[in-house]
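A.B. asks: Encoded as structure tokens, here's the structure I'll be asking about.
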Amino acid sequence: MAAVMSTAGAAEAMSGGTQLPQRGAAPWLATLAVKGDAPLLNRASCGGALIAPDRVLTAAHCLDGQDFRRAEVHIGSSVLSRDPGTLREIRAVTLHPRYELLPSPADPHNPALSSAASDLAEIRLSAPVRDVTPLRIASHRPRPGTHVSIFSHGTTAAPDPSRPGQEIRGDVLRRGDLTVRTHAQCAAQTPAVVDEASVLCARDVPSGRTTMCFGDSGSPLVVRGRRGPELAGVFSFAGETAGKVCGQPADAGFADVPALIGELG
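Once you know that position 225 of the sequence shown is 225 in UniProt numbering, the rest is easy, because the numbers rise by one and skip nothing.
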């Protein structure tokens with residue numbers, strides 16, 4: 001997991017997936033960034049999704065304990081270095097009332113192995129985004145076996161071991177195609193606690209080539225509905241809870257947006 005105030009250069013992102021460099025590939029995609037004069041690529045942090053003209057959903061752990069006044073939101077950027085998208089300040093942040101980090105039974109004192117429950121937050125933007133159609137919320141959790149996709153700015157390979165601490169966030173938007181898993185499948189592959197009520201799991205099966213990493217936090221999991229794409233989840237945790245590194249196959253845990261959205265107020 002990665003906090004929003006961490007600069008993107010210190011966080012990993014999606015490994016694998018399909019590049020989507022064209023403008024408007026995911027117009028509702030949100031990119032959280034630390035305010036500053038550096039290029040957006042160097043300041044970007046968590047992802048999110050525009051669900052109303054003035055509202056973005058992301059992972060609660062991206063904002064927990066952070067000063068949101070130091071952050072900003074970019075809507076619709078496909079290539080961070082070339083197009084910053086539509087910029088908005090943050091007016092307010094609401095964390096889900098039941099959000100909590102769940103220490104791993106394998107090592108409760110190691111936060112890197114933690115999972116989370118109800119890992120959802122709502123950002124209120126300083127002004128509406130008028131020229132983008134928000135992403136609809138799915139009516140229910142997609143069933144096991146359903147094909148879904150995550151949209152994030154990801155890397156194509158694991159970090160260079162000769163440069164520890166210098167992981168590089170991907171510049172180009174990527175789509176990772178996954179399959180929804182059962183709770184039992186998800187819980188069996190990690191010693192971490194997987195909260196069945198609030199966590200939806202998905203994985204690239206059978207290849208396992210597309211994996212999620214820290215920098216993908218908050219990124220939207222999208223299912224194809226009858227009227228187009230719908231938001232089913234936001235990325236919360238993955239293989240790091242089992243001691244795996246970016247690029248190693250693992251189930252990914254997402255906050256179950258249809259189940260949690262009604263409690264954000």
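No residue lacks a Cβ here, since even glycine has one placed at the ideal position from N, Cα and C.
Buried or exposed for residue 241, going by 16 or more other Cβ atoms inside 10 Å?
C.D. replies: When all chains shown are included, residue 241 counts as buried.
A.B. asks: Could you tell me the boundaries of the beta strand (DSSP E) in which residue 203 lies?
C.D. replies: Residues 199-203.
A.B. asks: Taking the alpha carbon of residue 88 as the point to measure from, which residue in 60, 123 and 100 has its own alpha carbon closest?
C.D. replies: The option with the nearest alpha carbon to residue 88 is 123.
A.B. asks: What is the DSSP secondary structure of residue 147, counted as helix, strand or coil?
C.D. replies: Note: residue 147 maps to strand in three-state DSSP.
A.B. asks: Specify, as a first and last residue, the run of the beta strand (DSSP E) that residue 50 falls within.
C.D. replies: Unbroken beta strand (DSSP E) run through residue 50: 44-52.
A.B. asks: Distance check for residue 191 and residue 102, CA to CA, integer angstroms please.
C.D. replies: C-alpha separation (whole angstroms): 11 angstroms.
A.B. asks: According to DSSP, is residue 279 part of a helix, a strand, or is it coil?
C.D. replies: For the chain, the structure presents residues 1 to 265; residue 279 sits outside this window and is missing.
A.B. asks: Using alpha carbons as the reference points, say which of 150, 117 and 243 lies closest to residue 203.
C.D. replies: If we check each option's Cα against that of residue 203, 150 comes out closest.
A.B. asks: Looking at the secondary structure, which residues open and close the beta strand (DSSP E) in which residue 222 lies?
C.D. replies: Its beta strand (DSSP E) spans residues 220-225.
A.B. asks: From residue 115 to residue 29, what distance separates their C-alpha atoms?
C.D. replies: Spanning the two alpha carbons is a distance of roughly 24 angstroms.
A.B. asks: Where does residue 210 land, buried or exposed, given buried means 16+ other C-beta within 10 angstroms?
C.D. replies: Answer is buried; the Cβ neighbour count reaches 16.
A.B. asks: Any idea what DSSP makes of residue 19, helix, strand or coil?
C.D. replies: In the structure shown, residue 19 sits in a strand (DSSP, three-state: E or B).
A.B. asks: Among 174, 199, 71 and 230, which has the Cα closest to the Cα of residue 253?
C.D. replies: Per the Cα distances, 199.
A.B. asks: Starting from the C-beta of residue 172, find all residues in its chain whose C-beta is less than 6 angstroms away, skip the five residues before and the five after it, and write them out in chain order.
C.D. replies: Counting only Cβ-Cβ distances below 6 angstroms, and skipping sequence neighbours, we find 19, 21 and 79.
A.B. asks: Looking only at its chain, what residues have a beta carbon closer than 7 angstroms to the beta carbon of residue 46, apart from the 5 residues adjacent to it on each side?
C.D. replies: Once the five neighbours on either side are set aside, the close Cβ partners of residue 46 are 2, 4, 32, 58, 59, 62, 217 and 218.
A.B. asks: Excluding five sequence neighbours on each side, which residues of the same chain lie with their C-beta closer than 7 angstroms to the C-beta of residue 39?
C.D. replies: These residues qualify, in order along the chain: 81.
A.B. asks: Pull up the CB-CB distance for residue 261 and residue 137, whole angstroms please, since I reckon it's below 8 angstroms.
C.D. replies: The pair is a contact, with the Cβ atoms about 6 angstroms apart (cut-off 8 angstroms).
A.B. asks: Mapping the DSSP letters down to three states, classify residue 116 as helix, strand or coil.
C.D. replies: DSSP places residue 116 in strand when its eight states are reduced to three.
A.B. asks: What's the call for residue 250, buried or exposed, on a 16-neighbour Cβ count within 10 Å?
C.D. replies: So residue 250 ends up on the buried side.
A.B. asks: Helix, strand or coil for residue 234 per DSSP?
C.D. replies: It is a strand residue.
A.B. asks: Return the CA-CA distance between residue 140 and residue 227, expressed in angstroms with no decimal places.
C.D. replies: Looking at the two C-alpha atoms, the distance is approximately 15 angstroms.
A.B. asks: Is the Cβ-Cβ distance between residue 133 and residue 264 less than 7 angstroms?
C.D. replies: Taking 7 angstroms as the Cβ cut-off, residue 133 and residue 264 do not qualify as a contacting pair.
A.B. asks: Which one or two residues does DSSP pair with residue 261 in a beta bridge?
C.D. replies: Answer by DSSP bridge pairing: none, since residue 261 is not bridged.
A.B. asks: Given residue 107, which residues of its chain have a CB within under 6 angstroms of its CB, disregarding the five upstream and five downstream residues?
C.D. replies: Hits under 6 angstroms: 113.
A.B. asks: Which residue wins for smallest C-alpha separation from residue 37, given the options 70, 56 and 52?
C.D. replies: When each option's Cα is compared against that of residue 37, the closest is 70.
A.B. asks: Can you list, in chain order, the residues of its chain with a C-beta nearer than 7 angstroms to that of residue 17? Leave out the 5 residues immediately preceding and following it.
C.D. replies: These residues qualify, in order along the chain: 154, 174, 175, 176 and 210.
A.B. asks: Report buried or exposed for residue 43, applying the criterion of at least 16 other Cβ atoms within 10 angstroms of its Cβ.
C.D. replies: When all chains shown are included, residue 43 counts as buried.
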